[in-house]
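Undergrad: One structure coming up, written as structure tokens, with questions to follow.
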Amino acid sequence: MAPAAAAPKSSLEVLLETIKKRDEQPKDVPPALPARPTCRGRLPSSRRPSQPSGVKLENGVAKGAVVDTVIADKKPWVDKEISGQLGVDKEISGQPGVDKEISGQEVKEEIVVKARIFGTKRKFSNGLMLEESPYVDSFQEERKEMTTFNELPSVSSRANKNGNPVFTDTMDYALQKKLRVWCPSPDATWRLGQIQSISGDDVEILLVNGEVLTLSPEKLLPANPDILDGVDNLIHMSYLNEPSVLYNLQFRYSRDLIYTKAGPVLIAVNPLKEVALYGSDFITQYRQKLNDYPHVYAVADLAFNVMLRDGINQSVIISGESGSGKTETAKIAMQYLATLGDASGMESEVLQTNVILEALGNAKTSRNDNSSRFGKLTEIHFSETGKLCGAKIQTFLLEKSRVVQRATGERSYHIFYQLISGAPPLLKKKIFLKEANYYNYLKQSACLRIDGVDDAKKFSMLVDALDIIKISKEDQMKLFSMVAAVLWLGNISFSVIDNENHVEIVSNEGLTAAAKLLGCSSPQLVNALTTRKIQAGKDNIIQKLTLTQAIDARDALAKCIYAHLFDWVVEQINHSLGMGRQHTWRSISILDIYGFESFIKNGFEQFCINYANERLQQHFNRHLFKLEQEEYLEDGIDWANVEFVDNADCLSLFEKKPLGLLSLLDEESTFPKATDLSFANKLKQHLRGNTGFRCEQEGTFKICHYAGEVTYDTTGFLEKNRDPLNSELIQLLSSCKFELPKRFAAVMVADSQNKSTLSWHLAVDSQKQSVVAKFKVPFPISHVFTQ
Ligand SMILES: Nc1ncnc2c1ncn2[C@@H]1O[C@H](COP(=O)(O)OP(=O)(O)OP(=O)(O)O)[C@@H](O)[C@H]1O
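Here's what the structure looks like:
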């Protein structure tokens, strides 16, 4: 009989096995090397798995091999837990509840099969002893029996020269011992069962629900003994395979144990409800080391301690797909650090930044009612004694297209709805505010409310936060006026005046209100939105815009104002939080970017967001695999190189010059006659042979990301990438009498050039820096990975 095929492994499994292997040093190895003077997160020492608090033990053994039945009702996405069936990819990876490291696994499987490095995880090295028995403690008796092997069926074991079998794979052992195994189901879930008998190539398995399956051994994966159910660190598991990892996370999750360690990584499963794990009592417990269950507080605490001890800046990187809980996790970490560095009021200022940034940079998407549409790096600064003394926020490209357009059922940025619902009458009057469904930019996606969210209350929280951050009432007024101006711009409409599709603006309240709020005259705004100056020799010719061009100009102006407004607010926050910076000594940074997205229809925004996530994944791989191993080599530690699923190929697909996705997009964006379809065809022509790229039906293409395959529709790619803002619009902003529009224009000109002689036309050139080109600017991460 052929030996059982090597089980495919995900990169998480490979990582965990690596760590486990390192921790499980044989007893006769020389004493460990002294700790190195580095603050790179060291891996935890091996220790007995601690049982989660929610697990009932009976004579020291966890009761019930399968998940608690009550929970199945509570978590509809957990498929048939009662019968022991575990949803693997569909139920879990499709859910925002499970962090990327887990949900991305199934994508990697096929690749890992080939790259598998630990072909034989456990074996009898001398025919008598298991090298790393999964049952060292709980199966002593069984092990004794194994020394005789009289009645063992011949699975894939080989005999050593003493005649005792040598197992070539963990599955061999499971088969020989008729242990619990995971059986794949046609619906891509796994079911837990117990081997009953083996005959020829068939294994008979009794499932938890009483059903009996007959499968070939290659299809099975070993399950962990039930004593390991709910271990708080995945490296303590005997068998590291996908169903076992998911089962363990689910086991814990069903008991509200949402945090689990995976070696140096903390996995947070989104509870999607309030869990009693936070607050001052918990903070004290973690600070005083009275609680060592996995928690974000523990991660933040470690970062804080290492920063103080080694005097090195720290970073906490939070990754996961959209809706998995990154922003909440980042806030929880910030809360802990702010409390630790208690500095009379500064901590509440730092925490209030979230309220402001979420109002301006978060929106309801189809995956998440409070989805961050920008990337954020929050640096929290401390003094030498660990006192909080300031913070700095860096943001990365806001998804500004959302201001003018988005999918049905999604909302624009929260602030629009909050302002409309919560502004007091006087403010409303000053900025000519009407109901939300009066504004084209808001009503077009047919979603004005979020269930369970009180926008008016959120507005009052926003104003409180602005007050706490010390943004003056005058500046708050400027902020709200610009938000209203954007709304009114969306109500400007055009009428076609000739058979060449040229337009004029329909004079309505949209025009007057927008002009008033920006501080320009209506005719100035009309000119900027309906005409373009073209240089013909020495002369300037005024060209009328077509309907499409005018709509694009209007939308470009709205997006540009909003994006600059967002940056301006961040600047104000930084100004306010930078007060105590003279005492700054070290910092802890928390990175929270928009999560990986895959919708039925994916456009330019998902293309950019998923590219950013590929970069982050590369960083993760670099720190967890590449750099760690380099360090072992440097230290002369005998170490078998670990292969892992590297996303370098996918990154190269994006970044390669001149024929990567980004270069090809940029190139096509420069051709005036190019269309989204010609871009799609160009990709087809140049990237057809790339394994990570697939041509789909006309105008679409598929990319194999680290987290899954995504099909992109190229509609709108060129326009969104060009993101044009013509000189008339910059000039208009510059000529406005109010401070903010003027300032935005100045920033655009200054950003663009860094040149001494500025002209509007040069500024326009600068605007030609495409969106993806800006996106390519790396995240400013230069740090160590905290445990
Ligand atoms: N620890 C938690 N406790 C309670 N609820 C949580 C927790 N984490 C996340 N949630 C819930 O899940 C929702 C989505 O979480 P969050 O906004 O943090 O996701 P995200 O990963 O940042 O998504 P995106 O990438 O779209 O910004 C939150 O609004 C909250 O309702």
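Letter by letter, the sequence shown follows residues 1 to 787 in UniProt numbering. We treat Cβ as the ideally placed atom computed from N, Cα and C, and that holds for glycine. Everything numeric in this text was worked out from a predicted model, so none of it was measured.
Look at tryptophan 568 and arginine 402 and say whether their C-beta atoms are less than 9 Å apart.
TA: Residue numbering aside, residue 568 sits at position 568 when the sequence shown is read from its first letter. Residue numbering aside, residue 402 sits at position 402 when the sequence shown is read from its first letter. Against a cut-off of 9 Å, the Cβ pair of arginine 402 and tryptophan 568 comes out as no contact.
Undergrad: Tell me the start and end of each unbroken alpha helix (DSSP H) in the region 651 to 684 that is at least 4 residues and wholly inside, in chain order.
TA: 661 to 670
Undergrad: Only counting the same chain, and skipping five residues up and downstream in sequence, which positions put a Cβ closer than 7 Å to that of cysteine 736?
TA: Along the sequence shown, one-based indexing puts residue 736 at 736. Excluding residues within five positions, the ones whose Cβ falls inside 7 Å are Leu518, Gly519, Cys520, Lys742.
Undergrad: On the criterion of 16 or more Cβ atoms from any shown chain inside 10 Å, does lysine 429 qualify as buried, or is it exposed?
TA: Position 429 of the sequence shown, counted from the first residue, corresponds to residue 429. Exposed, since its Cβ has fewer than 16 Cβ neighbours within 10 Å.
Undergrad: Tell me the DSSP secondary structure of alanine 510 in three-state form.
TA: Locating residue 510 in the sequence shown gives position 510, counting from the first residue. Here residue 510 is glycine; the residue named in the question, alanine, does not match the sequence. DSSP places glycine 510 in helix when its eight states are reduced to three.
Undergrad: Name the two residues that bound the continuous beta strand (DSSP E) containing glutamine 394.
TA: As a position in the sequence shown, residue 394 is number 394, starting the count at 1. First-last of the beta strand (DSSP E) with glutamine 394: 388 to 396.
Undergrad: What's the call for glycine 708, buried or exposed, on a 16-neighbour Cβ count within 10 Å?
TA: For the purposes of this step, residue 708 is taken as residue 708 along the sequence shown, with counting starting at 1. With 16 or more other Cβ atoms within 10 Å, it is buried.
Undergrad: Suppose only complete runs of 4+ residues qualify. What are the alpha helix (DSSP H) ranges in the region 714 to 758, listed by chain order?
TA: Correct list: 717 to 722, 727 to 735, 739 to 753.
Undergrad: From the DSSP output, read off the bridge partner residues of histidine 502.
TA: Your numbering for residue 502 matches position 502 in the sequence shown. DSSP output for histidine 502 lists Thr546 as bridge partner(s).
Undergrad: Is the separation between the beta-carbon of glycine 422 and that of phenylalanine 459 shorter than 9 Å?
TA: Here residue 422 corresponds to residue number 422 of the sequence shown, with the count starting at 1. Here residue 459 corresponds to residue number 459 of the sequence shown, with the count starting at 1. In contact: glycine 422 and phenylalanine 459 (Cβ atoms closer than 9 Å).
Undergrad: Going by the C-beta, is proline 294 closer than 8 Å to any heavy atom of ligand 1?
TA: Within the sequence shown, numbered from 1, the residue matching residue 294 stands at position 294. Flag unset: Cβ of proline 294 not near ligand 1.
Undergrad: Counting only the same chain and skipping the five closest in sequence on each side, list residues whose C-beta sits under 7 Å from that of alanine 5.
TA: Position 5 of the sequence shown holds residue 5. The predicted position of alanine 5 is uncertain, since its pLDDT is 43 and thus under 50; a value taken from the coordinates is nonetheless stated next. Result list for alanine 5: Glu218, in chain order.
Undergrad: Provide the residue span of the beta strand (DSSP E) that contains glutamate 204, from first to last.
TA: Taking the sequence shown and counting its residues from 1, the one referred to as residue 204 is at position 204. From DSSP, the beta strand (DSSP E) with glutamate 204 extends over 202 to 207.
Undergrad: Measure the alpha-carbon distance for lysine 559 versus threonine 214 and round it to whole angstroms.
TA: As a first step, residue 559 must be located in the sequence shown, where it is residue number 559. As a first step, residue 214 must be located in the sequence shown, where it is residue number 214. Their backbone Cα atoms lie some 60 Å apart in a straight line.
Undergrad: Just how far apart, CA to CA, sit phenylalanine 282 and aspartate 713?
TA: Taking the sequence shown and counting its residues from 1, the one referred to as residue 282 is at position 282. Taking the sequence shown and counting its residues from 1, the one referred to as residue 713 is at position 713. So the two alpha carbons sit approximately 47 Å from each other.
Undergrad: CA-CA distance, serine 409 and leucine 442?
TA: Locating residue 409 in the sequence shown gives position 409, counting from the first residue. Locating residue 442 in the sequence shown gives position 442, counting from the first residue. Serine is not the amino acid found at residue 409; the sequence shown has glycine there. If you take the alpha carbons of glycine 409 and leucine 442, they lie about 11 Å apart.
Undergrad: What is the DSSP secondary structure of alanine 423, reduced to helix, strand or coil?
TA: For the purposes of this step, residue 423 is taken as residue 423 along the sequence shown, with counting starting at 1. Three-state DSSP puts alanine 423 in coil, outside helix and strand.
Undergrad: Please report the distance separating the alpha-carbon of arginine 367 from that of aspartate 635.
TA: Within the sequence shown, residue 367 is the residue found at index 367, counting from 1. Within the sequence shown, residue 635 is the residue found at index 635, counting from 1. Between arginine 367 and aspartate 635, the alpha-carbon positions lie close to 45 Å from each other.
Undergrad: Quick check for students: name the residue ranges of the alpha helix (DSSP H) that lie wholly in the region 438 to 466, counting only runs of 4 or more.
TA: 440 to 443
Undergrad: Run the CB neighbour count on threonine 548, radius 10 Å, all protein chains shown included, and call it buried at 16 or more, exposed below.
TA: The residue labelled residue 548 in the question sits at position 548 within the sequence shown. It is exposed - the Cβ of threonine 548 has fewer than 16 other Cβ atoms within 10 Å.
Undergrad: Quick test of your reading: valine 203 and leucine 220, contact by CB under 8 Å. State the CB separation rounded to the nearest angstrom.
TA: Counted from its first residue, the sequence shown places residue 203 at position 203. Counted from its first residue, the sequence shown places residue 220 at position 220. Valine 203 to leucine 220, Cβ: 7 Å. Contact.
Undergrad: To the nearest angstrom, report how far apart leucine 725 and isoleucine 561 are at their CA atoms.
TA: In the sequence shown, counting from the first residue as 1, residue 725 sits at position 725. In the sequence shown, counting from the first residue as 1, residue 561 sits at position 561. So the alpha carbons of these two residues sit roughly 11 Å apart.
Undergrad: Apply the 10 Å Cβ neighbour rule to arginine 554 and answer buried if 16 or more other Cβ atoms are within range, or exposed otherwise.
TA: If you number the sequence shown from 1, residue 554 lands on position 554. So arginine 554 counts as buried.
Undergrad: Short check: CB of glycine 325 to CB of valine 269, under 9 Å?
TA: Counted from its first residue, the sequence shown places residue 325 at position 325. Counted from its first residue, the sequence shown places residue 269 at position 269. For glycine 325 and valine 269, yes; Cβs fall inside 9 Å.
Undergrad: Rounding to the nearest angstrom, what Cα-Cα distance links alanine 485 and leucine 466 in this structure?
TA: The count along the sequence shown starts at 1 and reaches residue 485 at position 485. The count along the sequence shown starts at 1 and reaches residue 466 at position 466. C-alpha separation (whole angstroms): 20 Å.
Undergrad: Below 8 Å, how does it come out for the region 467 to 485 and the region 337 to 356: are there three or more Cβ pairs, yes or no?
TA: yes
Undergrad: Leaving out five residues on either side along the sequence, give the residues of the same chain with a beta carbon under 6 Å from the beta carbon of lysine 673.
TA: On the sequence shown, residue 673 is found 673 positions in, with the first residue counted as 1. So the list is empty, once near-sequence residues are dropped.
Undergrad: Cα separation between asparagine 291 and methionine 237?
TA: Position 291 of the sequence shown, counted from the first residue, corresponds to residue 291. Position 237 of the sequence shown, counted from the first residue, corresponds to residue 237. Their Cα atoms are separated by approximately 22 Å.
Undergrad: Between leucine 192 and valine 208, which are expected to be in contact by the criterion C-beta below 8 Å, what is the C-beta distance as a whole number of angstroms?
TA: Taking the first residue of the sequence shown as position 1, residue 192 is located at position 192. Taking the first residue of the sequence shown as position 1, residue 208 is located at position 208. Confirmed, about 6 Å.
Undergrad: May I ask you to report which of helix, strand or coil DSSP gives histidine 686?
TA: Here residue 686 refers to the residue found at position 686 of the sequence shown. Note: histidine 686 maps to helix in three-state DSSP.
Undergrad: Taking only heavy atoms of ligand 1 into account, decide whether any of them is closer than 8 Å to the Cβ of serine 598.
TA: Here residue 598 corresponds to residue number 598 of the sequence shown, with the count starting at 1. No, the beta carbon of serine 598 sits no closer than 8 Å to any heavy atom of ligand 1.
Undergrad: Give the C-beta separation of isoleucine 195 and valine 181 to the nearest angstrom, bearing in mind that I take them to be a contact with Cβ-Cβ under 8 Å.
TA: Along the sequence shown, one-based indexing puts residue 195 at 195. Along the sequence shown, one-based indexing puts residue 181 at 181. Contact check for isoleucine 195 and valine 181: beta-carbon distance about 6 Å, within the 8 Å limit, so the pair qualifies.
Undergrad: Would lysine 478 pass as a contact of leucine 302 if the rule is Cβ separation under 9 Å?
TA: To locate residue 478, count along the sequence shown from 1; it is residue 478. To locate residue 302, count along the sequence shown from 1; it is residue 302. Going by C-beta atoms, lysine 478 is not nearer than 9 Å to leucine 302.
Undergrad: If contacts are defined as beta-carbon pairs under 8 Å, then isoleucine 463 and glutamine 476 qualify, I think. What distance do you get, rounded to the angstrom?
TA: Here residue 463 refers to the residue found at position 463 of the sequence shown. Here residue 476 refers to the residue found at position 476 of the sequence shown. Reading off the sequence, residue 463 comes out as valine, not isoleucine. Their Cβ separation, rounded to whole angstroms, is 7 Å, which keeps valine 463 and glutamine 476 in contact under 8 Å.
Undergrad: When every heavy atom of ligand 3 is checked, does at least one fall within less than 8 Å of the C-beta of alanine 300?
TA: This structure simply doesn't include ligand 3; it includes ligand 1 instead.
Undergrad: Could you please give the first and the last residue of the uninterrupted alpha helix (DSSP H) stretch that includes glutamate 474?
TA: Here the question's residue 474 lines up with position 474 in the sequence shown. Segment 473 to 489, the alpha helix (DSSP H) holding glutamate 474.
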